[in-house]
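-7 is the number of the first residue of the sequence shown in our numbering; add one for each residue after it.
Just so you know, even glycine gets a beta-carbon here, dropped at the ideal spot from N, CA and C.
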Amino acid sequence: MGMKFGRLSFLFLLLTLVLAGCGEPFLSTLKPAGEVAETQLTLLFISTSIMVLVILVVVIIYLIVLFRFRRKKGEENKIPKQVEGSHKLEIIWTVIPILLLLSLSVPTIAATFKLGDVKDMDKVDKDGNREALVVNVRANLYWWEFEYPDLGIITSQDLVVPTDEKVYFNLKASDVKHSFWVPAAGGKMDTNTDNENKFYLVFDKEKADEAGNLFYGKCAELCGPSHAYMDFKVKAVSRDEFNQWATAMQKNKEEVQPTSDLAKQGQEVFQANNCIACHAVTANDARPETARTAPNLADFGNRTRVAGILEYNEENLKAWIQNPEKFKPGNQMYKEANLSEEELDALAEYLMGLKVQE
-7 MGMKFGRLSF
3 LFLLLTLVLA
13 GCGEPFLSTL
23 KPAGEVAETQ
33 LTLLFISTSI
43 MVLVILVVVI
53 IYLIVLFRFR
63 RKKGEENKIP
73 KQVEGSHKLE
83 IIWTVIPILL
93 LLSLSVPTIA
103 ATFKLGDVKD
113 MDKVDKDGNR
123 EALVVNVRAN
133 LYWWEFEYPD
143 LGIITSQDLV
153 VPTDEKVYFN
163 LKASDVKHSF
173 WVPAAGGKMD
183 TNTDNENKFY
193 LVFDKEKADE
203 AGNLFYGKCA
213 ELCGPSHAYM
223 DFKVKAVSRD
233 EFNQWATAMQ
243 KNKEEVQPTS
253 DLAKQGQEVF
263 QANNCIACHA
273 VTANDARPET
283 ARTAPNLADF
293 GNRTRVAGIL
303 EYNEENLKAW
313 IQNPEKFKPG
323 NQMYKEANLS
333 EEELDALAEY
343 LMGLKVQE
């Protein structure tokens, strides 16, 4: 029995070590890629070090007491020296916890106020233009919308940000509580339906280059049956590249016209099935927020995932269109499309051709 238990324990330990190497790069809080994440990781190391120190001291004292003061033969009636009422000991075990708490609370409080300072979000230049980049994040079941209010741009699922500068976020939810989290960039922040939360993140250029300019974000609040599939991507690029992207998106005031006969047929399928009632196909979506009930598809051809979770290819796109409930249970899209194989081919061709930038 003992050998069997030992073997199982060894196998579980080995499996744990193997699984520890799985996952996407820069999807861990232990691999920070910006100022906020580095500050929070430092706090994590401080708190962990204090806890380990306390555990070690307690274990050492326990072992000393266990061996030094254990009952010995011939000394059954011996009573060790009593230290009750010792002022020295009372001062020691009162002062040490206070020092430990201060060493943890002071940097934590300082970092909390520093990371919570968003007053620069509303700074304007001499022309009255906001200096900082602000993104309105709206969480939905089970997708993300990113609005750049000062640039007149709306995107979905793919967030584009410049590196080496503070990017400020206004966070809210349209249905239930969600939580916006880019593990490599900083801790999570809740998105609520009744108020906006604000914070900022910084994406380090060197780390972004190392990660291929792509980070991964998730919903970190249990929000429904497809909570685990509520992912998004963050493209962190240089300021010049971001400006080029923003300029191209701002010019996208009209739908990108299909270039092939099959794509034109797909455009007709898209319109005939009234997909346009929910999905915008331009980055300059002038509809009110309440009317934006599905992801913006303006730059769908440059996405890296279908529905945020599937590998980007034609087969997965058609499978998603045909039965989205299969991949994201509880999503708000229609449950099943009654389209022929030819219509699916055409629609996939049209959607994959929606590219603001080649």
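State the CB to CB distance for the pair residue i and residue j, rounded to an integer number of angstroms; the pair is presumed to be in contact (CB under 8 Å).
| i | j | result |
| --- | --- | --- |
| F207 | A29 | With a Cβ gap of about 10 Å, F207 and A29 do not count as contacting. |
| M181 | N189 | 5 Å |
| G300 | W85 | Not a contact, Cβ separation roughly 52 Å. |
| A340 | L309 | 5 Å |
| L36 | A103 | About 11 Å; that fails the 8 Å criterion. |
| L151 | F105 | 26 Å between Cβ atoms; not a contact. |
| R122 | D142 | 5 Å |
| S148 | F161 | Actually they are not in contact, since the Cβ atoms of S148 and F161 sit about 15 Å apart, beyond 8 Å. |
| A269 | A228 | 33 Å between Cβ atoms; not a contact. |
| D156 | D196 | 7 Å |
| L163 | T185 | Their Cβ separation, rounded to whole angstroms, is 11 Å, which puts L163 and T185 out of contact at 8 Å. |
| G216 | V168 | 7 Å |
| Y342 | P250 | 6 Å |
Measuring alpha carbon to alpha carbon, tell me which of the options ends up nearest residue i.
| i | options | result |
| --- | --- | --- |
| S218 | N132, V159 and Q249 | N132 |
| P89 | N184, V50, K318 and F2 | V50 |
| I313 | V261, V46 and T296 | V261 |
| E294 | E157, M344 and M222 | At residue 294 the sequence reads Asn, which differs from the Glu that was named. Per the Cα distances, M344. |
| T274 | E246, Y221 and G66 | E246 |
| V226 | L94, V127 and L81 | V127 |
| W237 | E76, I146 and V75 | I146 |
| F172 | T285, K256, E213 and Q74 | E213 |
| A286 | G77, S230, S41 and P316 | P316 |
| S95 | M43, Y54, R62 and H271 | M43 |
| S39 | G216, V98, M113 and P250 | V98 |
| Y192 | A203, N205, A177 and T183 | A177 |
| G322 | A272, E82, S1 and M222 | M222 |
| G204 | C215, Y342, S230 and V194 | S230 |
| N276 | A283, N288 and C267 | N288 |
| L125 | P154, N244, V348 and L6 | P154 |
| V159 | L92, S166 and D114 | D114 |
| K347 | F59, G258, A290 and S1 | A290 |
| A220 | H170, F4 and C267 | H170 |
| V129 | D112, S41 and C211 | C211 |
| L107 | G179, Q259 and K73 | G179 |
| N265 | A255, F292, N244 and Y326 | Y326 |
| E334 | F292, K256 and Q324 | K256 |
| D337 | Q349, N305 and K23 | N305 |
| S41 | H79, L92 and E82 | L92 |
| M21 | G66, N235 and P175 | The question names Met, but residue 21 in the sequence shown is Thr. For T21, the nearest C-alpha among the options comes from P175. |
| V194 | E27, R279, L19 and F59 | E27 |
Starting from residue i, follow the beta strand (DSSP E) in both directions and report where the run begins and ends.
| i | result |
| --- | --- |
| D186 | Careful: D186 lies outside any beta strand (DSSP E) and carries neither H nor E. |
| T155 | Neither: T155 is in no beta strand (DSSP E) and is coded neither H nor E. |
| H170 | H170 to V174 |
| E137 | W135 to Y140 |
| G209 | L206 to C211 |
Locate the alpha helix (DSSP H) running through residue i, then write down its first and last residues.
| i | result |
| --- | --- |
| A338 | E333 to M344 |
| F195 | Note, F195: premise wrong, no alpha helix (DSSP H); not H, not E. |
| K318 | P316 to F319 |
Across which residues does DSSP place residue i in a beta bridge pair?
| i | result |
| --- | --- |
| S230 | Per DSSP, none; premise fails for S230. |
| I145 | Y140 |
| K164 | R130 |
| L151 | V226 |
| M181 | F172 |
Which parts of the region 240 to 314 are runs of the alpha helix (DSSP H), unbroken and 4 residues or longer, counting only runs that do not cross its ends?
253 to 264 and 306 to 314
What are the start and end residues of each continuous beta strand (DSSP E) run of 3 or more residues lying completely inside the region 61 to 129, in chain order?
none
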